[in-house]
Every structure is written in C-alpha cells, then in structure tokens.
C-alpha cells in the first residue's frame with residue numbers, strides 16, 4: 011500500500027530532521043553572549059568568581075561545546091531533557107505542563123481561522139469582483155497586515171477595559187472547565203486572525219480559478235443546482251491548495267502564540283519560551299524548539315496525507 | 004415536428020474592447036431524431052449557440068433577444084429551477100475536451116450517476132446499476148470495475164465515451180455535441196462518431212453537432228448550417244452542401260479540404276481571418292475574404308434566400324435550403340473536383356462522394 015509506505019518513510023525522516031534542528035539551535039544558543047550561570051550571578055551579586063566557576067563545572071558549562079552537545083544528546087536519547095537551571099524542575103516536565111495551554115489556544119485560533127476563512131473565501135469567489143468580494147478582500151488584507159500583538163492590545167482595550175465582559179487577567183482554572191472557553195475567545199481571535207486572512211485569500215483564489223474550469227460548466231449542463239456544484243464539485247478541488255496552507259499554519263499558530271501569550275498573560279509554552287530565552291535556559295529552549303520542530307514536521311505530513319485523500323491523482327511511489 | 008426551434012437569437016458579450024455580437028439573429032430548427040450539423044471557423048458563434056440553448060452563457064455574455072423553443076416551450080422564459088430540470092435531462096451536452104469536462108476528484112461512475120439521482124430520483128444502488136449499463140452501452144470494457152475509476156485512470160477515448168454516457172444518462176431529446184471528437188485521434192474519432200450516431204438512433208435523440216471538420220459532418224449529419232461571424236450563411240442537407248454549395252464561404256471551406264491524390268503543393272485556403280466581431284465589416288461580413296465580392300457587397304448584408312426562388316427566408320427557422328449568397332451557383336464543376344463517400348451502415352457504398360481527406 012503506497013500511502014502506508016509513504017507515511018513510514020516520512021516518519022523515518024523525522025529523527026534526522028530533529029537532529030539537524032537540535033545542532034543548529036544548540037549552536038545559536040551558544041552564540042549569544044551569556045549563559046544560565048551568568049544570569050543567575052547577575053541576580054545575586056554576592057557570588058564570587060570561584061563559586062561561579064564551580065557552578066559552571068556542576069552544570070558542565072565549562073566543557074567544550076561538542077562535549078556539552080554530546081552530553082545533552084545522550085540525556086535526550088534516554089528521555090532526559092535536562093533540568094531548568096537553578097531549580098529542581100526538569101525541562102520536559104515544564105514543557106508537558108505548559109503544552110495544554112498552548113494547544114488549547116492554538117486549536118481555538120486555528121478553528122476560528124478555518125470557520126471564518128473557508129465560508130468567506132467561498133463567498134468571495136462566487137461573488138468575484140462584486141461588492142461582497144471587495145469587502146471580504148479588504149478585511150483579509152487588514153487581517154494580514156495587522157500585527158497580532160497590536161490586535162491583541164486593541165482587543166484588550168476594547169473589551170475588558172472599555173466594554174467589559176472579560177476580566178483583564180484570565181482566572182486560572184483548569185483548562186478542562188467550560189468557563190475557560192470564554193477566556194480563550196480574545197487570545198484565540200488574536201492568534202487566528204492572520205491565518206484566517208491568509209487562508210481566505212488562498213481559498214478565494216483557488217475557488218475562483220476552479221469555477222472557470224470546464225467541469226463546472228459540465229456540472230451545470232447536468233442540471234445540478236448551483237449549491238451542489240459549489241459545495242461538492244468545486245470545493246473539494248479548491249481545498250487541495252488550502253490544505254497545505256492550513257496545515258502549515260497550525261505550526262505557525264503555535265509559534266505565533268509566543269507574542270499573544272505574553273500580551274494576554276496566557277501561561278502557555280510561548281510565554282515560557284520567551285522567558286527561557288531571556289534566562290538563557292538552554293535545556294528548556296532546546297526542548298521547546300525540538301517540540302515545535304516535531305509539530306511542524308508532523309503537520310506537514312498530515313497535509314500531504316490529506317492532499318492524497320482529496321486528490322485521487324496524487325500517488326506516492 | 005421540430006424538437007428545437009431557435010428564432011432570432013442574438014447573444015452579445017460586453018467586453019473591455021467593445022460589444023461582441025457572437026450570435027446575430029439566428030434562426031434554425033431541428034426535427035425529432037434529426038442530426039443537425041453546425042459548421043464554421045473558430046469564433047463563428049457555434050459554441051455560443053450551443054451554450055445559449057442550455058442557458059449557460061456567463062457574464063459578460065447575455066442572450067439579448069430571441070426565442071429558444073424546445074418542444075414548443077420558450078427556454079428563455081423558464082425560471083432557473085425549471086431550466087435546471089431541462090439541463091442534463093431533456094437537453095444534454097457532450098463537451099469537446101472530456102479530460103477537462105470531468106471533475107478530477109470524483110469517480111467517473113459517481114459523475115454519471117449523480118445526474119440520474121438528481122433528475123430521475125434514482126436511489127444509490129439503482130443509479131449505480133444504470134450507470135454501469137450506460138458505460139457498457141458506450142463501449143467501456145469491464146464497466147462494473149471501471150465505475151469506481153477516476154477520470155485520470157481512463158484513456159482519452161474512454162473519457163469521451165464516459166462523457167457521452169453521462170449526456171445520454173437521462174435519455175435526452177436533444178444532444179448537443181460541441182466538437183466531440185476534436186481532442187481525439189482519428190481512429191478513435193471514427194469510432195466515437197459511429198457510436199454517437201448509433202446511440203442517437205437507439206435513444207431517438209436529436210443531435211446538434213458542432214464542428215469545424217467537414218469530414219465529421221459528412222459522416223454524421225442529415226442537415227447542416229454553415230455559420231460565419233455569428234450568422235448562418237447557408238443551410239442545406241449534408242449531401243447538397245457537398246455537391247452543390249452555394250455560398251462562397253461554403254465553397255471556400257470545401258476547397259480547403261485536403262484530398263488524397265491531390266498534387267497541389269499547398270492547400271487552398273480562404274485568405275484572411277474571421278473579422279473582429281466588435282466591428283464587423285459593413286455589408287456582407289464575408290466580403291473582405293470573398294473572391295466573388297463586388298462593390299455592392301460592401302453595402303448590403305444579404306439575407307438568407309431560397310436558392311430556387313430567391314425569396315428571403317431569413318426569418319424562417321424551418322427552412323430546408325437557404326444561402327445568403329448565390330454568387331457561386333453553377334460554377335461548382337469548374338472550381339472544385341472532389342468526391343464524398345457516404346457509406347451505408349452495412350458497409351456497402353451507395354453514393355460516391357468523398358469528403359476528400361480519406362476519412363469516410
């Protein structure tokens with residue numbers, strides 16, 4: 011079976027890709043001046059040079075870079091992503107604790123994007139060059155152009171601060187409680203807006219293109235109602251190009267939530283990532299980067315599989 | 004009794020360059036079970052005429068005026084929903100390029116059976132069974148297993164057969180074939196044409212066959228209308244058209260056919276190209292390319308006439324024989340020497356007429 015083999019082949023490619031990502035990230039982190047110990051020392055001026063050296067030795071930070079990398083990799087291969095410096099937490103634990111928050115936010119944003127983008131894209135394509143299309147395209151252009159941190163701030167200014175309805179800081183309840191859905195609305199919209207705009211534009215373009223194809227005339231000549239023609243014949247063909255984008259954007263939404271989580275004080279992975287970079291938390295940076303890398307690779311694979319499901323002409327050999 | 008009668012049909016396209024009159028005051032009729040050919044160069048208005056019958060002219064094109072009487076009912080006065088009940092059901096269309104007319108992401112079987120389910124209220128299983136029957140009828144081998152194949156798994160000839168099966172699925176009274184064999188190679192073309200003919204007889208379906216290939220006309224059609232720049236210039240039975248063409252344009256088309264055994268170095272052509280439809284030449288629109296053109300031709304656009312009586316028959320959709328110009332009459336033997344072979348179904352040659360390029 012072609013598809014299974016294809017998926018297996020792609021899965022086998024994941025380790026080398028992540029290996030590459032880890033080397034590049036590791037090198038980049040060490041290229042930036044400072045290390046975890048210098049951060050700790052900066053916060054505590056009483057530490058003298060000898061103690062500082064001792065700390066470095068304890069964490070292995072005085073070893074040559076290659077040795078540090080090999081040590082780290084040896085740990086990772088045994089499922090140990092290292093600890094968060096100056097605390098007893100381990101990096102993988104922090105990742106796992108924060109992940110649900112980010113996934114909830116990202117998923118909300120992504121679903122919001124699709125729910126807005128696909129119907130609007132269809133509408134704009136059907137009404138091409140008419141008023142509705144122009145309005146949709148204007149909104150899409152705005153959605154793409156507005157930076158998400160600014161949109162987030164404006165939403166906070168408009169809703170919690172002026173109109174009310176939301177507290178400025180979301181209460182920290184369990185994510186599983188339905189009440190939290192309400193607090194996902196504003197950050198979710200902020201995360202999803204740019205994606206919605208991008209998906210809508212691709213949807214409109216590809217649908218408008220499909221609508222000009224002869225199979226549409228042929229379907230009309232069959233006497234099918236316009237609704238069936240659009241939602242059955244044209245939509246599936248148009249979605250082929252949207253799927254790749256939508257799947258790639260899920261990865262983007264996780265990465266994009268970095269800024270939004272800071273703006274909305276959302277305790278997710280993105281905010282943790284920013285803190286980790288500030289604190290030179292090498293292990294945490296590595297763990298989060300590898301996770302995002304893994305996520306992107308998997309979402310690309312999902313896109314390719316969906317592609318094959320939508321378009322029977324695609325064969326994997 | 005005519006199944007279709009087109010009266011004074013005018014279709015215009017409002018483009019950036021100006022108003023294109025793609026079809027200009029067209030009159031014709033097709034009898035029940037008749038095979039009616041429409042010939043002309045690209046841009047003559049053949050396909051626009053076909054799409055008008057289905058009311059599938061899209062912006063910026065509009066049907067400006069006229070009547071399309073299908074079984075006595077004016078299609079232009081129907082509501083959209085009523086028109087949809089006719090499309091694919093009573094009037095069906097065979098497209099030129101089957102590859103693009105089939106939706107690549109649905110199976111061939113599904114695309115045929117959806118029309119059956121829609122128009123005839125067939126159930127899932129019933130529609131499938133009927134579709135397999137149809138695929139078998141149009142000569143697709145192993146129709147049952149082919150049902151769930153996608154269009155790209157079909158060869159070009161089989162795709163065209165599938166399109167024909169689709170068009171015939173609801174047993175239409177009129178089948179519009181828009182250059183149904185242009186995308187196919189010659190051997191397949193002959194077979195497909197034979198099948199269209201046989202199926203039309205079997206289903207008692209009238210055919211409007213659009214083509215620029217006179218060989219196809221000779222093979223299939225009973226009656227022919229030659230179009231030029233949106234208007235008919237000649238209407239005749241297929242035989243008369245080949246033996247006794249009247250209009251200089253028809254004569255030009257005939258003499259442009261390559262013939263086996265012909266020792267001419269180059270093919271005869273009609274000089275020039277079809278005029279810009281935004282700005283037709285004054286008078287007869289063919290005069291700039293016409294070897295018989297006189298000064299009067301630049302001033303007067305001749306109506307369709309009965310070649311015997313010279314009476315104006317341009318408003319009579321049912322006219323049997325008409326030509327817009329008789330300049331060529333009588334000179335045929337001198338200018339043209341060709342034969343057409345019309346082969347009877349049993350294979351024996353009845354009349355010796357060849358369309359000249361060896362195709363039968």
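Chains as they are written, first to last, in the working numbering: chain A, 11 to 327; chain B, 4 to 363. Positions of the beta carbon are idealized from the N, C-alpha and C atoms, including for glycine.
Check: Contact the segment 65 to 73 of chain B vs the segment 234 to 253 of chain B: 3+ CB pairs below 8 Å; Outcome: no
Check: Given residue 200 of chain A as reference, the closest of A:270, A:240, A:39 once Cα atoms are compared; Outcome: A:270
Check: Length-filtered (3 minimum) beta strand (DSSP E) runs lying within the segment 8 to 51 of chain B; Outcome: 21 to 34, 38 to 42
Check: Enclosing alpha helix (DSSP H) for residue 106 of chain A [first to last residue]; Outcome: 101 to 136
Check: Cα-Cα separation between residue 14 of chain B and residue 27 of chain B, rounded to whole angstroms; Outcome: 7 Å
Check: Selection from B:303, B:307, B:279 that minimises the alpha carbon distance to residue 48 of chain B; Outcome: B:279
Check: Proximity below 8 Å, CB of residue 172 of chain B to CB of residue 118 of chain B; Outcome: yes
Check: Alpha helix (DSSP H) runs wholly inside the segment 221 to 254 of chain A, at least 4 long, in chain order; Outcome: 224 to 231
Check: Residues that DSSP places opposite residue 36 of chain A in a beta bridge; Outcome: Paired residues: none, contrary to the question.
Check: is_contact[residue 51 of chain B, chain A] using C-beta, thresh 8 Å; Outcome: no
Check: Collapsed DSSP secondary structure at residue 307 of chain A in the structure displayed; Outcome: helix
Check: Residue 49 of chain A - containing alpha helix (DSSP H), residue span; Outcome: 46 to 53
Check: Between the CA atoms of residue 259 of chain A and residue 253 of chain A - distance to the nearest angstrom; Outcome: 10 Å
Check: Rounded C-alpha distance that separates residue 81 of chain B from residue 38 of chain B; Outcome: 26 Å
Check: Chain B contacts made by the segment 215 to 234 of chain A, where a contact means CB separation under 8 Å; Outcome: 223, 224, 225, 227, 228, 229, 230, 231, 232, 233, 234
Check: Counted within 10 angstroms of its Cβ, other Cβ atoms place residue 192 of chain A as buried (16 or more) or exposed; Outcome: exposed
Check: Contacts around residue 293 of chain B, its chain only, beta-carbon distance under 6 Å, and the 5 residues preceding and following it disregarded; Outcome: 251
Check: Alpha-carbon to alpha-carbon, residue 57 of chain B and residue 277 of chain B; Outcome: 26 Å
Check: DSSP three-state assignment for residue 342 of chain B, whether helix, strand or coil; Outcome: Annotation note: pLDDT 43 at residue 342 of chain B (below 50); position unreliable, coordinate value reported separately. If DSSP states are grouped into helix, strand and coil, residue 342 of chain B belongs with coil.
Check: Alpha helix (DSSP H) segments (min. 4 residues) lying fully within the segment 53 to 83 of chain A; Outcome: 59 to 69
Check: Inter-stretch contact at 8 Å, needing at least 3 Cβ pairs: the segment 295 to 309 of chain B / the segment 211 to 228 of chain B; Outcome: no
Check: Proximity test, Cβ basis, 8 Å: residue 228 of chain B and chain A; Outcome: no
Check: Residue span of the beta strand (DSSP E) that contains residue 251 of chain B, given as start and end; Outcome: Not the beta strand (DSSP E): residue 251 of chain B falls in the alpha helix (DSSP H), residues 251 to 258.
Check: Own chain residues within Cβ distance below 6 Å of residue 326 of chain B, not counting five before or after; Outcome: 237, 249, 250, 310
Check: Helix, strand or coil at residue 308 of chain B [DSSP, three-state]; Outcome: strand
Check: Same chain, Cβ closer than 6 Å to residue 45 of chain B, neighbours up to 5 away in sequence not counted; Outcome: none
Check: Three or more C-beta pairs below 8 Å linking the segment 30 to 49 of chain A and the segment 299 to 313 of chain A; Outcome: yes
Check: Any C-beta of chain B under 8 Å from that of residue 397 of chain A; Outcome: Nothing in the structure corresponds to residue 397 of chain A, since chain A is present only between 11 and 327.
Check: Burial state of residue 160 of chain A (16 or more Cβ within 10 Å); Outcome: exposed
Check: Interface residues of chain B facing residue 322 of chain A [CB-CB closer than 7 Å]; Outcome: 108, 153
Check: DSSP-derived helix/strand/coil call for residue 1 of chain B; Outcome: Outside the displayed span of chain B (4 to 363) sits residue 1 of chain B, for which this structure offers no information.
Check: Buried or exposed (CB count within 10 angstroms, at least 16 for buried), residue 281 of chain B; Outcome: exposed
Check: Buried or exposed (CB count within 10 angstroms, at least 16 for buried), residue 172 of chain A; Outcome: exposed
Check: Residue 98 of chain B: contacting residues in chain A (beta-carbon distance under 7 Å); Outcome: 224, 228
Check: Residue 147 of chain B: first and last residue of the uninterrupted alpha helix (DSSP H) it sits in; Outcome: 146 to 149
Check: Boundaries (first-last residue) of the alpha helix (DSSP H) holding residue 163 of chain A; Outcome: 158 to 166
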